Every structure is written in structure tokens, then in C-alpha cells.
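Scroll down for the structure; my scribbles are underneath it.
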Amino acid sequence: MFKPNLSKLMGAMLVPALFLSSCSEEEGIAPDALRVESSASLTGNGAPSGAHYNLNIIGVPKGKSAPMDSNSGQRIFVNLEGKTKINLANADLTDGAFRVLDANGTDGDGATFQLPSPDADGDGLTSYSVYARALGKPGGGVVVTTCATDVATGEDVCSLESLVTMREKGGSKFQNVSDQLLSIVADITDDGIDNPVRYPLFSDELEGYYWDYDNSGLKVLQLRFYEVPTAYSPVQ
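Under the working numbering, the first residue of the sequence shown carries the number 311, and numbering increases by one thereafter.
Right under this line is the structure:
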């Protein structure tokens, strides 16, 4: 089980904010351009204040036919009902930026979103956090689960933790979903003992990471990525 590095957390909280007025929809955003002053400075909508990368996941009733490869807009189209695969690419292997590589999740290939490794040093403390809220007409909901392929067995592995959210009436607030979207909790050992472990996104034990997006009529799931740390929760 990972233990949070408190000295790293306090150091990250004291870093001055960078001056970034907005995030362009035509360019990827590097994680060091997302810095804010403190992970504790939450606004009234539940998210931190300061610069961030915004990603809207939009449910559509009919599949999109236009090619959307190499598409850097900050939105992804998914099925309004049923499952969509959102492939996750490691930005550390390219330019280090948050970027939509394929916005069309309604075709056979699924969508592709590029993001940096959240815990490259494996200390249990993320270098950035992701917040989510449901938008659109009340009544829709979604379950998002992080999955990957076990390198040793070739079998798909999905996390025991999922983001579950519904669009309720009234204002919609953000929640920190870093545990659910930036890691996988699973037992991939073959020792006959039930001992799940948290694997940060892009850990070497797994490959082919993706979000399993199971939609039940949610129009928009809005994700915001901030460069504030989150200590992964202990595995129960």
C-alpha cells in the first residue's frame, strides 16, 4: 500500500501560481501550465481555483461519421446509451501535454485521450488531480471505470473502484475523482489470496489503459485537470 509523501504535498502547495488566463481548445496543455496555489483552495463549485485543462465528454444519440483523428478539441463524443471505450495514451512518451487525439468514441476504435503519468515515482501522491461533474438535463448518469490489460496474462483488468455520478436537479458540483480515473485497484497476482493493490495510471504491470464509459443518458461529463496533488486513498 502506498503512503503519501507529506513533504512533497506541502512543497507542491507552496509553489506560486503560473499566470494562465485560459486553455486553448486548439492546443494540448502541458501539466506545468496547470499550477495553482493550494489543493485546499476549493471554490463554491467544488473544484480548486486556478488554471486547468477542461475536457467535456458529450453523449450523443447517434454515432459520429466524420473522421476525428488528430483532433485537439477539448471534447470527446460518446454513446448517449451504452458503453464507449476511451483509450488513454501516456503523454510522458510524447510532448507531456493533455490532448484529445481522437474525439470520436462512437466508432469501432473508440476515442483516445492523452494525459501524463499521474504518479511516475510511485509514492502514492499524484502530480495532478482530476475533478468531475455531471451536466445537462437532470436524470442521466454514468459509470466510468479505469481498465487495462495484464502484461503477464493478457487478460483485461478493470478497477474495483468506479466513478459513479448522476445529473441531479439544481446546480452541479465537482468531485475529486483522481482515485477512480487515475489508477486501477485490482488483484493481478495468482497466489490464491485476495489482496488488491492500487496501480497508478501507466504502471508497468499493466498496458493498454482505457476508461470504460458506461452511459445511461448523461449529456455531458465535465472533467477538469489541475496541478494539485491528491494522496491516493488506502485500498480497502
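Heads up, the beta-carbon is just placed ideally off N, CA and C, and yes, glycines get one too.
Only a predicted model underlies this, so the values are computations on that prediction, with no experimental measurement involved.
Determine the closest residue to residue i out of the options, with distance taken between C-alpha atoms.
i	options	result
Leu470	Thr455, Thr353 and Phe484	Thr455
Val410	Leu425, Gly418, Asp419 and Leu403	Leu425
Ser482	Val461, Phe512 and Gly449	Gly449
Gly464	Glu517, Ile386 and Ser359	Glu517
Phe423	Gly527, Tyr523 and Gln546	Tyr523
Tyr519	Asn355, Val461, Ile367 and Thr416	Val461
Gly415	Ile367, Gly480 and Arg477	Ile367
Contact defined as beta carbons within less than 8 angstroms: I believe residue i pairs with residue j. What is the distance between those atoms, to the nearest angstrom?
i	j	result
Asn400	Ser427	6 angstroms
Leu531	Ala444	6 angstroms
Phe484	Ala442	6 angstroms
Leu491	Trp521	7 angstroms
Gly446	Leu528	6 angstroms
Asn525	Gly369	5 angstroms
Quick check on residue i: does DSSP put it in helix, strand or coil?
i	result
Ser469	strand
Gln546	coil
Val538	coil
Ser488	helix
Val461	coil
Pro426	coil
Ser482	coil
Glu517	strand
Ile494	strand
Asn505	coil
Among residues of its own chain, excluding the 5 on either side of residue i, which ones have a beta-carbon nearer than 6 angstroms to its beta-carbon?
i	result
Ser488	Thr436, Ser439, Val440 and Thr540
Ala350	Low local confidence applies: a pLDDT of 45 at Ala350 is under 50, so the model's placement there is unreliable, with the coordinate-based value given in what follows. The answer is none, since no qualifying residue turns up.
Thr499	none
Arg534	Ala357, His362, Asn364 and Tyr441
Examine chain C for any beta-carbon lying closer than 8 angstroms to the beta-carbon of residue i, and answer yes or no.
i	result
Tyr519	Considering every chain present, this structure includes no chain C. It has just one protein chain.
Tell me which same chain residues have a C-beta within less than 7 angstroms of the C-beta of residue i, skipping the five on either side of it?
i	result
Val474	Val453
By Cβ distance below 8 angstroms, which residues in the same chain neighbour residue i in space, the five residues on each side in sequence not counted?
i	result
Asn486	Ser439, Val440, Tyr441 and Thr540
Asp466	Cys457, Ala458, Thr459 and Asp460
Gly502	none
Just to confirm, does residue i get its C-beta within under 7 angstroms of one of the non-hydrogen atoms of the ligand ADP?
i	result
Gln424	This structure simply doesn't include the ligand ADP, nor any ligand for that matter.
Runs of beta strand (DSSP E) wholly within the stretch 367 to 416 (minimum 3 residues, chain order): Within the stretch 367 to 416, the complete beta strand (DSSP E) segments of 3 residues or longer fall at 385 to 389, 391 to 400 and 409 to 412, listed in chain order.
Can you list, in chain order, the stretches of the alpha helix (DSSP H) that have 4 or more residues and sit fully within the stretch 428 to 461? The qualifying runs do not exist here; there are none.
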